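Visitor:
Protein chains: 2
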Amino acid sequence: MNVDLEIAQKAELQPITEISEKLGIADTDLEQYGRFKAKLPLKYINEDQVAQGNLVLVSAMSPTPAGEGKTTVSIGLTDGLNKIGKKTMAVLREPSLGPVFGMKGGAAGGGYSQVVPMEDINLHFTGDFAAIEKANNLLAAAIDNNIQHGKRSVGLDPRTVLWKRVMDMNDRALRQITIGLGGTFNGVPREDGFNITPASEIMAILCLSNTIDELKERIDNILVGFTFDKKPVFAKAFGVTGAMAILLKDAIKPNLVQTLEGNPAMLHGGPFANIAQGTNSIIGTKMGLSLSDYVVTEAGFGADLGAEKFFDIKCRYGNLKPKAVVLVATVKALKFHGGVAKDQVKEPNVAAMEAGMPNLRRHITNMRKFGVNPVVAINTFPTDTQEELNRLKELCSAEGVRAELSQGWAKGGAGCTLVAQAVVDEIEAGKNDFKLLYDLRLSFEEKVEAIAKRIYGAARVNYSAAALKMLKSLHENGLDTLPVCIAKTQYSFSDNAKAVGAPKDFVLHIRDIEVANGAGFLVPIAGKVMRMPGLPLVPAAEQMDLDSEGNVIGLS
Amino acid sequence: MNVDLEIAQKAELQPITEISEKLGIADTDLEQYGRFKAKLPLKYINEDQVAQGNLVLVSAMSPTPAGEGKTTVSIGLTDGLNKIGKKTMAVLREPSLGPVFGMKGGAAGGGYSQVVPMEDINLHFTGDFAAIEKANNLLAAAIDNNIQHGKRSVGLDPRTVLWKRVMDMNDRALRQITIGLGGTFNGVPREDGFNITPASEIMAILCLSNTIDELKERIDNILVGFTFDKKPVFAKAFGVTGAMAILLKDAIKPNLVQTLEGNPAMLHGGPFANIAQGTNSIIGTKMGLSLSDYVVTEAGFGADLGAEKFFDIKCRYGNLKPKAVVLVATVKALKFHGGVAKDQVKEPNVAAMEAGMPNLRRHITNMRKFGVNPVVAINTFPTDTQEELNRLKELCSAEGVRAELSQGWAKGGAGCTLVAQAVVDEIEAGKNDFKLLYDLRLSFEEKVEAIAKRIYGAARVNYSAAALKMLKSLHENGLDTLPVCIAKTQYSFSDNAKAVGAPKDFVLHIRDIEVANGAGFLVPIAGKVMRMPGLPLVPAAEQMDLDSEGNVIGLS
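Those protein sequences? They're chains A and B, same order as listed. Anchor point for the first sequence: position 436 equals 436 in full-length UniProt numbering, and the numbering is continuous, going up by one each time. Anchor point for the second sequence: position 386 equals 386 in full-length UniProt numbering, and the numbering is continuous, going up by one each time.
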């Protein structure tokens, strides 16, 4: 049990001052948080370096409920690239604290491919999530304060407030609440709810802003609700954008840590992958590209969701051009998409694996639509057979992509040099030429259709009455021009989680549309969205302890 | 406007590594948080040094609504003591973020007597409040999760839950809420509410714990509510004490900063002064005493509340023996207690000042009941006349106490050397011999009476029916043996805020009793208690901004 924690705790970490020195960071610029974490000032972003840098996106085939190990592969690949002589940094998301106490556990890689200090990264880290939470909740308090003090009312209809409070905790009892009870001193009663912090639009905004000024502009543009005559009310009206920016003054600076092998890693931001873009900050990515030759980054869920949003939202707003894409595939996931039940994917079954290949194939084809030929990283597990692994490599080869074993969990960077070399070869061949999937001038419906048909394989898109009503309001208020960020199950190309493999000719059902006007995208909802998880019957928290000397026990 | 911020921003700070070096902290033990803040490991607590150290408490006469500047005096006195050659550290509370955006503003001293970096201290600082908030809310989530999953129920009656969630924000709409709405997936509906983070019992616990083991024991002992047959349910039943301790693993370490004059200051914890003990952590105080010869510390509100709780709760649990007490008095406050209206205290009025002397006199007498003869620090304001100041010194002299001008706001340490010398003289005279006011073996009612009669000047204590009912339950469950922490207005010795001066022969009304069984005290409520402030009509947040370069504007 807790192998990851054990490996992480046994590791001899280098002082973060040594890691930063190798990156050429002046001592006086380093803001240390303890001996092994630091924040870096924005001035180290160099747009020329960003333009020249080699940005590598790690995405995946459609995952199984167990996850396919993208973070572990990303960290292993970083160490692997360094091993073959490429100055490489991992630039990744910060994990959310909530799930650590629930079922999912932490998110700092696994085995010998981890970022450390693992405990701190999975707990408060450098306080970024707390700062984002506070900024989010200051706006909420200002909104209810405005409703309370009629004298300075901006005319917001309290029944239309879209802005939720957030807490980085799995706490289902806060999903749906009523606030402002108890008389005139306690505010105006209304229905409300809490989301978990990574679901905050402030998180999405922080991750899509290139500068402090852009951060403030995006905050100003948040759609908070509507007036009684249905005009949009934006965050700017509440006058606390500056105060929110003050709360984010350190959170906007990326965090430097290291891999178990002492290579630099930058963790910054962690937005949801369904209702938001699901990738680390633009600032973090640019900082990484400014300080090293290669940057390995990751996007949430499978490539239909994560990579598409990474490209069409993040790369668009950050003017980033990825040079390579790694698709993580596992023998287990292929069998799952070949129709094998979740609890039988560990049994050898080459035929089922072959039957799952259409899923991976469509992801490969999709990446080429963005101008990038992917590399497949086969994240290995002890239950994989040699025959399965060989066959998978052949199948990929037949698709015209290199597939290499990724053994970072068991072997660290040494287990990832083959994938690393494949990535370098792909980049050095110089044939990849990244392009966006759709033009921003397309209508909302056309944008959704472009993704649904070309990436998901849908025959058409259907809108519910609620979605159409919202769309009408967006059209009327000129809020319809942004990129789209489709919320959909990650387990299928379709909106039906059970449709594994490569479904086609299906209808994508958009049942609602949400507006992240500050972050800068519209969210067509094509599935259930869970914004506040709950704790399970036996929460992971019950296994944890701190001993008398301050050592962490049982964190996973 | 914003003179404090301007002075703080102009200051040339020493790197925290230089401050810590002077204290003999090994480089590898220092956990830096940026260049000017650091956490210190608990191993630097040396109980022998603690026993020998000179602990100086700064308290005050009954304050006016404007506050009498205790923190400014504490910091000025620290600099003053260093100026006259005494190796001194200020050990103070961390400010709460909530009020920063409301009306009150920050709490890091003022003028030339501030602790810096002022902005960071008033914002997230080193994340302690966020960690306490998270630990508090993890217990809340575990409680509602237990209610949700009947299978593992500990039998808690959801209608009796005493444990509230917290948020460090002035947000009145969260005072009274209903949670768990929306069906079986979203928990069990019940009435609830949020407190502001400094009101969390976790904050009180962190500040009263001497070790990590004690912290966990105190968390285990939190009274969460009652079973359907009215048996107490404690936090231990929910199995997340270890996880909560993990969340507090860094928060339990004190934070090192500096005064504007480069003297060391330790800020650690910030519990409420009404429903809790209102002083920094025992660990912080002990660390200060271990690393310097003098420690200047402060307790919230006037001496009837702050000093009494400091002595009878904190010193009792920490086995601390203060060597001197400074009572902060102002000419304005004396006039206020002499019957002058709040908006006229700036007018010269020696007679009114004399009429207010009974308030200060009773505080002086009270301190002697703890075995300590106080020094009076007259915190000066530009509106004070020379005649008033001279007369006040005479009046104090007649009481047998030294009174000196404290001019830290305008002059820093140089303005506080006279108070500093008076404190040193008092300690070196060796006549002070600290003792607690009451024995722990007294009954609850006897403890309350000891404070009410001997410190407040009440004739007797009256209990409401609700208080008597609670007391009966405490007696029955053996929860009645702890020290008491009376919640009462700070503006009067009585429970009537308007009874200024030195009221006597009044009845103290205890209308309810709360139980901080983890922190280790019972709270007789003798007044209104505000646990979640609201934002004013025009919140201070509206004046704040962050410029393009990341500079803070308008924080006060």
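Glycine is no exception: its CB is placed at the ideal position from the N, C-alpha and C atoms. Please read all numbers here as calculations on a predicted model, not as lab measurements.
Please say whether B:Y112 and B:A410 have beta carbons closer to each other than 8 Å?
Guide: It is a contact, given that the beta carbons lie within the stated cut-off.
Visitor: For a test of the three-state rule: what should DSSP assign to A:I486, helix, strand or coil?
Guide: coil
Visitor: Whose Cβ in chain A lies nearer than 9 Å to the Cβ of B:P158?
Guide: Residues of chain A passing the Cβ test: none, with the nearest at roughly 10 Å.
Visitor: For A:G180, return the contacting residues in chain E, with the cut-off set at a CB-CB distance below 9 Å.
Guide: In the structure shown, chain E cannot be found, because the protein chains are A and B.
Visitor: Pick from B:P15, B:Q14, B:D79, B:L92: whose alpha carbon is nearest that of B:F310?
Guide: B:L92
Visitor: Kindly list, in the order they appear in chain B, the residues whose Cβ is closer than 7 Å to that of A:A130.
Guide: H124, G127, A130
Visitor: DSSP beta-bridge partners for B:E31?
Guide: In the DSSP output, where bridge partners are listed per residue, B:E31 has B:K39.
Visitor: In the structure shown, what three-state DSSP assignment does A:Q14 receive?
Guide: coil
Visitor: Between A:L206 and A:L248, is the Cβ-Cβ spacing less than 8 Å?
Guide: Taking 8 Å as the Cβ cut-off, A:L206 and A:L248 qualify as a contacting pair.
Visitor: State the CB to CB distance for the pair B:Y294 and B:L81, rounded to an integer number of angstroms; the pair is presumed to be in contact (CB under 8 Å).
Guide: That belief holds up - the Cβ atoms of B:Y294 and B:L81 are roughly 5 Å apart, short of 8 Å.
Visitor: If distances are taken between C-alpha atoms only, which option among B:G550, B:P539, B:D547 comes closest to B:M103?
Guide: Of the candidates B:G550, B:P539, B:D547, B:P539 places its Cα closest to the Cα of B:M103.
Visitor: B:Q52 lies in the alpha helix (DSSP H); which residues open and close that run?
Guide: 47-52
Visitor: If B:L97 sits next to A:K134, beta carbons under 8 Å apart, how far is it from one beta carbon to the other, in whole angstroms?
Guide: 7 Å
Visitor: Residues in its own chain within less than 8 Å of B:K369 by CB, not counting five upstream and five downstream?
Guide: L437, R454, I455
Visitor: For the alpha helix (DSSP H) that A:L360 lies in, which residues bound it at each end?
Guide: 350-369
Visitor: State the DSSP-derived secondary structure class of A:L57, mapped to helix, strand or coil.
Guide: strand
Visitor: Which residue wins for smallest C-alpha separation from B:G193, given the options B:D171, B:E214, B:V500, B:R35?
Guide: B:D171
Visitor: Roughly how many whole angstroms lie between the Cα atoms of A:T279 and B:L305?
Guide: So the alpha carbons of these two residues sit roughly 51 Å apart.
Visitor: State yes or no: is the beta carbon of A:P503 nearer than 8 Å to at least one beta carbon in chain B?
Guide: no
Visitor: When the Cα atoms are used, what is the spatial distance from A:G110 to A:N54?
Guide: 25 Å
Visitor: For a test of the three-state rule: what should DSSP assign to B:G242, helix, strand or coil?
Guide: helix
Visitor: Counting Cβ pairs closer than 8 Å, one from the stretch 137-147 of chain B and one from the stretch 220-238 of chain B, do we hit at least three?
Guide: yes
Visitor: How far does the beta strand (DSSP E) with A:A130 in it extend, from its first residue to its last?
Guide: In the DSSP assignment, A:A130 falls outside any beta strand (DSSP E) and within the unbroken alpha helix (DSSP H) covering 128-148.
Visitor: Nearest to A:T28 by CA position, among B:L30, B:G34, B:N255, is which residue?
Guide: B:G34
Visitor: Does any C-beta atom of chain B lie closer than 8 Å to the C-beta of A:M544?
Guide: yes
Visitor: Any chance you could list the alpha helix (DSSP H) runs of at least 4 consecutive residues sitting entirely within the stretch 252-331 of chain B, in chain order?
Guide: 282-291, 306-309
Visitor: Rounded to whole angstroms, how far is the Cβ of B:V500 from the Cβ of B:E298, which I believe are closer than 8 Å?
Guide: Contact doesn't hold; Cβ gap of about 23 Å is too wide.
Visitor: By the three-class DSSP mapping on this structure, what secondary structure does B:M203 have?
Guide: helix
Visitor: Of the residues that make up the stretch 209-223 of chain B, which ones have a beta carbon closer than 8 Å to any beta carbon in chain A?
Guide: Per Cβ criterion, the list reads T211, I212, D213, K216.
Visitor: Could you tell me the alpha carbon to alpha carbon distance between B:E119 and A:A131, rounded to whole angstroms?
Guide: 14 Å
Visitor: Would a C-beta distance cut-off of 8 Å place B:A237 and B:V161 closer than the cut-off?
Guide: No, the pair does not count as a contact, with Cβ atoms beyond the cut-off.
Visitor: Residues of the stretch 244-266 of chain B with a CB closer than 9 Å to any CB of chain A: list them in chain order, please.
Guide: Of all residues in the stretch 244-266 of chain B, only M244, A245, I246, L247, L248, K249, D250, A251, I252, K253 come within less than 9 Å of chain A when Cβ atoms are compared, listed by chain position.
Visitor: Is B:A497 helix, strand or coil when you go by DSSP?
Guide: coil
Visitor: At a Cβ threshold of 8 Å, is B:V552 touching chain A?
Guide: yes
Visitor: Drop a sphere of 10 angstroms on the beta-carbon of A:P382, count the other beta-carbons inside from all chains shown, and report buried for 16 or more, exposed for fewer.
Guide: exposed
Visitor: Which two residues bound the contiguous alpha helix (DSSP H) that contains A:G80?
Guide: From DSSP, the alpha helix (DSSP H) with A:G80 extends over 70-83.
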